Structure formats: structure tokens, C-alpha cells
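Q: What follows is a single structure, and I will ask about it in a moment.
There are 2 protein chains.
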Amino acid sequence: MAKRKVSLKDISIACGVSVATVSKALNDHHDIGQETKEHIRQVAESLGYRPNAAAQALKTNRTNNIGVLFVDEANSGLTHDYFNHVLNSFKNTAEENGFDITFINGGKARINNMSYLSHAIYRGFDGVVIACVDFFDPEVDELVKSSIPVVTIDHIFYNRIAVISDNVNGMRELTEYVCSQGHKKIAYVRGVESSVTQSRLASFYKTLQEHGIDIPDEYVVIAPYRDTDAAYEATNKLLNLQDPPTCIFYPDDFAALGGINAIRERGLKIPDDVSVVGYDGLEISSRLTPKMTTIVQDSEKIGKIAATKLIDLINNPKGTLIEQIVVKGTLEPGASVKKLN
Amino acid sequence: MAKRKVSLKDISIACGVSVATVSKALNDHHDIGQETKEHIRQVAESLGYRPNAAAQALKTNRTNNIGVLFVDEANSGLTHDYFNHVLNSFKNTAEENGFDITFINGGKARINNMSYLSHAIYRGFDGVVIACVDFFDPEVDELVKSSIPVVTIDHIFYNRIAVISDNVNGMRELTEYVCSQGHKKIAYVRGVESSVTQSRLASFYKTLQEHGIDIPDEYVVIAPYRDTDAAYEATNKLLNLQDPPTCIFYPDDFAALGGINAIRERGLKIPDDVSVVGYDGLEISSRLTPKMTTIVQDSEKIGKIAATKLIDLINNPKGTLIEQIVVKGTLEPGASVKKLN
DNA sequence: TCTCTGTACTTAATCGTTTTCGTGAAATCA
DNA sequence: TGATTTCACGAAAACGATTAAGTACAGAGA
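These protein sequence lines are chains D and A, in that order. Read in order, the letters of the first sequence correspond to residues 13 to 353 in our numbering. Read in order, the letters of the second sequence correspond to residues 13 to 353 in our numbering.
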């Protein structure tokens, strides 16, 4: 199988026609005879012909390749579970439409230290999806301002299509549920600064206020997303308060594990002594005992819509509406929250 | 910023030299004057020049792009946690060496239904890494037999470089540990058929035998990897036996969650009534209470070595040794296994 | 019979690079 | 001073595909 790669030229020679004819036959142009077409295709097949993406890209300015930019504060990359769920769905949808996925990040480590935009131009990505990064990074800004089709996830730039999880309503539902269970001393281990955090935090406060609940400032503590150790520390801080909360919200389901450990180490029971609430709704949350109360973000839908919209944009740059699409999550009540009387 | 992409030609015009000279200056060839070089580079920079990957690939037959093939039985894709840890490390190492990562799979869904090999040829991948797939798939076979540099993970083809987690010694250590804690009635919820499963299963039996422990056939039950529901069912089956085991091995830490739930639903305590053992050693295992006894697979190292070896192979196809590299895991004892007296 | 219209091709340019082979001028050597 | 080497650069082909424009020929229409 060490044969040289077969090109249009090889087929043209084998068929005794010109390269142009072969190209047109393979691309089903109308000005090639039916018999010729079939013959050419047959020969192409038997020769094991495969188009050369580089040559096609060079000529057509189309790569059928989408760039993925993802950098989070912890640099968890592909191990970031919410993101990899979104990305997996994005990838599937893209592939169904004939697009491949290539990563853009890793910029800092590269030999030829390219910016995100440079990298995107270099690879000739037809479009780019940006998720979970530090959206205030000047390199991201450069990319967002470029002429490359872009879709962002969970952050809005008003000149770009954005797909965002409904953190406002999600947090509202979650908070309302906890309130409805009779909790009044509700603490929030919030994630670090980001669009997502802002939405959730604002919604958290607003909902409490609507329910006439006032919490002390010490009830809101910062811990990075997905950081069990930080959540552990934060939880200890909360439980050490003179008037500790009866329920603790965590940045996400995974970080909540750290909190759960802190609680249990003190000999406290969940939910009898302290109730616990997560966010994300990944599979793990439903497998824990007690089952975690959380918001299931529809990562499947988010990824799918992002891909669909980006591909629309690629295929019709002028005619595609710049819009912000909000994807609803669903409240998943679990035994981790106790009903107070 | 909607300027047309700038090419070598633009630079050559701006500098009043030929395209060849520009190309050579940018690639630091020796036959260009120092001053000219610097001037050209400066102009290139100021014009915002970016090389065109497609043109380069076409000319040099090098894409600096590596294909990643990953398909597991459950099609979990990027959400497969062991794999995404390996891949993340692979990706980082590849990027440090100037390579990008593009996925190969998704073949079935593609418009132009390409085989894995076709896809790899089409994209002109410099090399390919294959992990966790069904290694008996004829398409995988075709790829493995091709002339493209390949590294496989957790499965050996003897004509290819392979990086594998040391499942034999891992399972030995794990089993020995459990034996050392006094367990004799040890059950194994094993994964579905694969190289990994075979190694672990064989090692499991062998180690038990060496310790003079004989277990009934019913103690070994099949459940897919990462399938909490199946592990749940399997566990119930085991606990319903007349003489139930005192310790249960699971295919991986995540699946173990299903088993844990089954155990607790019966009002049994871990580890007092039943001990539990996982595999993988992902972060979650150390955050559970009780902490899970498991083997930490060195996914970081596996990914890194796979990338390094593949890149060696790409850069020196003839001179690189075809070898099988085994990466040791480490036993992580946890409170999930009780010491019997 | 002559023109016209399709049909089915071919020719040739082009995309952006890289690289081999020249070539002229300056520098070195005898 | 004449021959040779070195240096710095240019011309042109090539990678594999696409596509606008041109051409040859058969049959239709007048």
C-alpha cells in the first residue's frame, strides 16, 4: 500500500481525458457526458483516488474545517466536563455537515508563537467557535473583530452570534426551589468573574430579594469552577460562621464534591444538617448519594445550535442573522436539599 | 480589517525583491543577505503576513496536523473522561511541537462517506493516533496497515508503536492490595471485550490464583465501561448471590458510582458491609466518600509519550524504533476497602 | 447549403508556497 | 591581471485542484 498518492492527473491519464474533465466529472458538472462521468468515477474509485484537501483549499478558499478556541482559567482543556459535552455535540453536528474540527489554542506553547487570529488565518478555518475563554483577552478580541465567521458560547459580543445557557432563569429556578423548601439561610460559593458568573450571581440576589430573603455578605464566597479544593475551603469558611447557612450553592456539580467532603468531615449530614446545590447537571450529579439538586444545562443543544448557526454563517455570510440564542436548562431536584418546615 | 489576505507576492512587491527571496528570507535560508532578511521580515510583520497552510502543505507534503481517531463502544467521544485526559495531554505536547489536532472519526455521519484512511489521506495528516476504538473494525485495520505514521494507545499492533497503560501490573497491585486486606470473596464487574479488559481480567485471575484464592464464576460479571446503570444491575446480581462477595471491582471509577448506589440502596455500608474498588484514578475517585481504592492511570504521561513518539516517527520514519511502551499506574488505596481480620 | 445551437470536451490560468538551478557581481587567489 | 570562488538574489517549475474561456463536432432550423 505504499503507492504514491493518486491525483486527478493519474485518473486523466488512465481515462485518456483532460484533468479538467476529471475534476468536473467528480464534481458532477453538467457539461460532461453521462458515460464519461461514470467511467471516470469508476476509474477514480478503482485507483483509490482521494481529493487533496490542501489543493482544494488553496484553490477554493474553503477548508471545511472549523477552529475551536477554548481556554479556561484552570486550563483544564478537554477535561472540562461541561465544555467537552458541548464540544462533543458541536463536533457531531459539524461532522454531519462535512466539517472537521481543529483546535486553535495552545498558542503560547507553539514554536511559531501565533495569536489566535493568526492561527485561524494560517489554517484557513471557515469559521471559529469560541467558548469559556477569558473574553477580555486581547487576542480573543482580535479574533472577534476579524472577518472570520465566529460563534461564541456563553458570552455575548453584540456583533457576533452567541449561544448561551440560560443562567439567569436557571439560577432563578434553582433559588426559587430552595426557597420553596423553606431555606432562608442560603450561601453561594460563586465562580470566578465571567459572564456566566455575573448572570448567575445577579439572578441569585434578585430572586432572594423577591422572596424577601436577605443574606449577609459572608454568605457569598468565591471559588474557581471545578475546583474541589477551593470549594472545600469555602465551605469550611461558611460553616465556621456564627450563623452558618442551611443550604450552600456551588459553582458546579463537580466543585460541590469538595463542599460535600468538608461538610461530612465535620460529621454533618447532607441534607439533614446542610443542603447542597450544584450546577451543570452532568451525569455524575444524578449518581451521587444523595442525588444532587442542580440545573441541567442542555449542553447537547448548545453545541448543536452553535454548530448549526456557524455553518449557516459560513455558507451565507451576508444573509445570516446576528442573534443571541438562549438555551434553557431544567431544574433537577434531588435529595441533597432538605425540606424545612 | 477586511483586507485581502497578504501573500508572499505582496511582500515581494513592497520590498522590490522576488517571491523566492521573500520565501527564503522568512524561512531563514543562508543565501539571503542579512539586511535584506531583516527588511523583508519587518515588512512582512507590518503587512500582517501569515503563511497559508494549504499552500505550504501542497508544496511540502507536510500539514503539521495530526489526526485523532477515537470511537468507543458507547460513542461517548470527548466526554469519555479517561480518554479526554489522555487526549488533552497529547494535544498539549503536540502543540508544543507545532502540530495541530484534528479528529478523524465521525466517518459514518459525513456527507462524503469517507473511511478513516480516506479521511486521513484527504486531510494529509502527518500522523495519526488511535485510541480506545474497536480495534477489530476493518476500517481501523486499513488505517493501521497504511503508510501513514501511527501510534496506538492501549492496544498493540506489532507493526506499530503502541503506548499502553500497564493494566497487567495495575490489576495485580490492586488485587494484591485487596487480598492483603484479608478479602477472599472478591467479585469483578469487568468491562466489555477489549485489549484492556483482557489484560486486567487475566491479571486478576492470575493474582488470585497466586494467593490461593478461588472464586466462583458468578463473581465475574460483564458491564460496559463508564456505564453506571449496568454496574448497578451487575452489583445487584452479585449481592443477590447466596454467598455474596465482600469486595467488588468495577471497570472504572465512574461505573463504580452505579455500584455504590446499588449497595447503599440495600442499606449496606461501604466499606463495612461491602468494599469497592475502581480503576482510572481520575480526580473524582479521590473526592468521593469514602475515598475510592483505585489504580491511577498516568493519562498525562500516556498522552505525552504517544505524542512524542508519533512526532519522532513523523520526523524520522525510517529511523524510529517500533516499540511498545508500557506506562505504569499507581495504586491509590482508599477507605472504600475495609481491612478484614 | 449555410448558419446556429448545443454538447462534450480541452486549454490554460490560478491559488500561495517551496526549491532547484542559474546568473551577475564582488571578493579571493595565483 | 586573469581565473576562480563566494555571495546574494531571481526565474521558473511544481504541488493538485478549480474554472473561465475556447473549440470541435453533430444535428437543427431556414
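C-beta: ideal position from N, C-alpha, C; glycine also. Bear in mind the structure is a predicted one, so any value in this text is a computation, not a measurement.
On the DSSP bridge assignment, give the partners of D:Thr105 in chain order.
A: For D:Thr105, which the question treats as bridged, DSSP gives no partner whatsoever.
Q: Would you tell me roughly how many angstroms separate the C-alpha atoms of D:Asp255 and A:Glu108, rounded to the nearest one?
A: Between D:Asp255 and A:Glu108, the C-alpha separation is close to 50 Å.
Q: As a quick exercise: from D:Ile260, D:Ser206, D:Asp310, pick the residue whose alpha carbon is nearest that of D:Ile275.
A: Ranking the options by Cα distance to D:Ile275, first place goes to D:Ile260.
Q: Using a Cβ-Cβ cut-off of 9 Å, state whether A:Gly293 counts as contacting chain D.
A: No, its Cβ sits nowhere closer than 9 Å to a Cβ of chain D.
Q: Can you grab the Cα-Cα spacing for the pair D:Glu151 / A:Thr48, in whole Å?
A: Cα to Cα, D:Glu151 sits roughly 30 Å from A:Thr48.
Q: Counting pairs of Cβ atoms below 8 Å between the stretch 298 to 318 of chain A and the stretch 229 to 247 of chain A, do you hit three or more?
A: No: fewer than three Cβ pairs fall under 8 Å.
Q: Within 9 Å (strictly less), CB to CB, does A:Ser207 reach chain D?
A: False, the Cβ-Cβ gap to chain D never drops below 9 Å.
Q: Which residue comes first and which comes last in the beta strand (DSSP E) that contains A:Tyr200?
A: Where A:Tyr200 is concerned, the enclosing beta strand (DSSP E) stretches over 198 to 202.
Q: Inspect the CB distances between the stretch 263 to 277 of chain A and the stretch 181 to 197 of chain A and report whether three or more fall short of 8 Å.
A: The stretch 263 to 277 of chain A, when compared against the stretch 181 to 197 of chain A, does not touch it at the 8 Å Cβ threshold.
Q: Report the neighbours of D:Tyr94 on chain A: residues whose CB is nearer than 7 Å to its CB, in chain order.
A: Near D:Tyr94 there are no residues of chain A at all, since even the closest Cβ is about 10 Å away, more than 7 Å.
Q: If I'm right that A:Arg172 touches A:Asn77 with Cβ under 8 Å, what's the distance once you round it to whole angstroms?
A: Contact doesn't hold; Cβ gap of about 19 Å is too wide.
Q: Under 8 Å by Cβ, that's how I've got A:Asn304 and A:Asp241 pegged, so tell me the actual separation to the nearest angstrom.
A: Checking the sequence shown, residue 304 of chain A turns out to be Met, not Asn. With 8 Å as the limit, A:Met304 and A:Asp241 do not qualify as a contact, their Cβ atoms being about 19 Å apart.
Q: Measuring straight from C-alpha to C-alpha, what distance separates D:Thr306 and D:Tyr128?
A: Roughly 35 Å separates the two Cα atoms.
Q: Is the Cβ of A:Glu389 closer than 9 Å to any Cβ of chain D?
A: This structure gives no information on residue 389 of chain A, because the portion of chain A shown stretches from 13 to 353.
Q: Using the rule of at least 16 other Cβ atoms within 10 Å of the residue's Cβ for burial, across every protein chain shown, is A:His195 buried or exposed?
A: Buried, because 16 or more other Cβ atoms sit within 10 Å of the Cβ of A:His195.
Q: In angstroms, rounded to a whole number, what distance separates the CA positions of D:Ser179 and D:Ala214?
A: The amino acid at residue 179 of chain D is misidentified as Ser; the sequence shows Asn. Approximately 10 Å, taken between the alpha carbons.
Q: Taking the beta strand (DSSP E) that D:Ser30 belongs to, which residues open and close that run?
A: Unbroken run through D:Ser30: none, as it is neither H nor E.
Q: The alpha helix (DSSP H) with D:Val140 in it runs from where to where?
A: Unbroken run through D:Val140 is the beta strand (DSSP E), 139 to 143; no alpha helix (DSSP H).
Q: Go ahead and label A:His12 buried or exposed: buried means 16 or more other beta carbons lie within 10 angstroms of its beta carbon, across all protein chains shown.
A: Because chain A spans 13 through 353 in this model, residue 12 of chain A falls outside it and cannot be assessed.
Q: Using DSSP bridges, identify the partner residues of A:Gln336.
A: A:Ala174.
Q: With 7 Å as the limit, tell me which residues of the stretch 33 to 47 of chain A have their beta carbon closer than that to any beta carbon of chain D; keep them in chain order.
A: Residues: none.
Q: Kindly indicate the opening and closing residues of the beta strand (DSSP E) around A:Thr164.
A: Its beta strand (DSSP E) spans residues 162 to 165.
Q: When you compare only the Cα positions, how much space is there between D:Ser159 and D:Asp149?
A: Distance between the alpha carbons of D:Ser159 and D:Asp149: 18 Å.
Q: Taking 8 Å as the threshold, find out whether the stretch 99 to 113 of chain D comes into contact with the stretch 314 to 322 of chain D through three or more Cβ pairs.
A: A contact exists between the stretch 99 to 113 of chain D and the stretch 314 to 322 of chain D.
Q: What's the call for D:Arg74, buried or exposed, on a 16-neighbour Cβ count within 10 Å?
A: By the 10 Å Cβ count, D:Arg74 comes out exposed.
Q: DSSP has A:Ser287 in a bridge; who is on the other side?
A: Its beta-bridge partners are A:Cys259.
Q: Mapping the DSSP letters down to three states, classify A:Phe95 as helix, strand or coil.
A: Three-state result, A:Phe95: helix.
Q: Using beta-carbon positions only, say whether A:Val156 and A:Val141 come within less than 9 Å of one another.
A: The answer is no: Cβ separation not under 9 Å.
Q: Can you tell me which of D:Leu253, D:Leu269, D:Gln221 puts its alpha carbon nearest to the alpha carbon of D:Ala243?
A: Among D:Leu253, D:Leu269, D:Gln221, the Cα nearest to that of D:Ala243 belongs to D:Leu269.
Q: How long is the line joining the alpha carbons of A:Val34 and A:Ile23, rounded to whole angstroms?
A: Whole-angstrom Cα-Cα distance: 7 Å.
Q: On the criterion of 16 or more Cβ atoms from any shown chain inside 10 Å, does D:Thr114 qualify as buried, or is it exposed?
A: Burial call: buried.
Q: Taking buried to mean at least 16 other C-beta atoms within 10 Å of its own C-beta, is D:Ser211 buried or exposed?
A: Buried.
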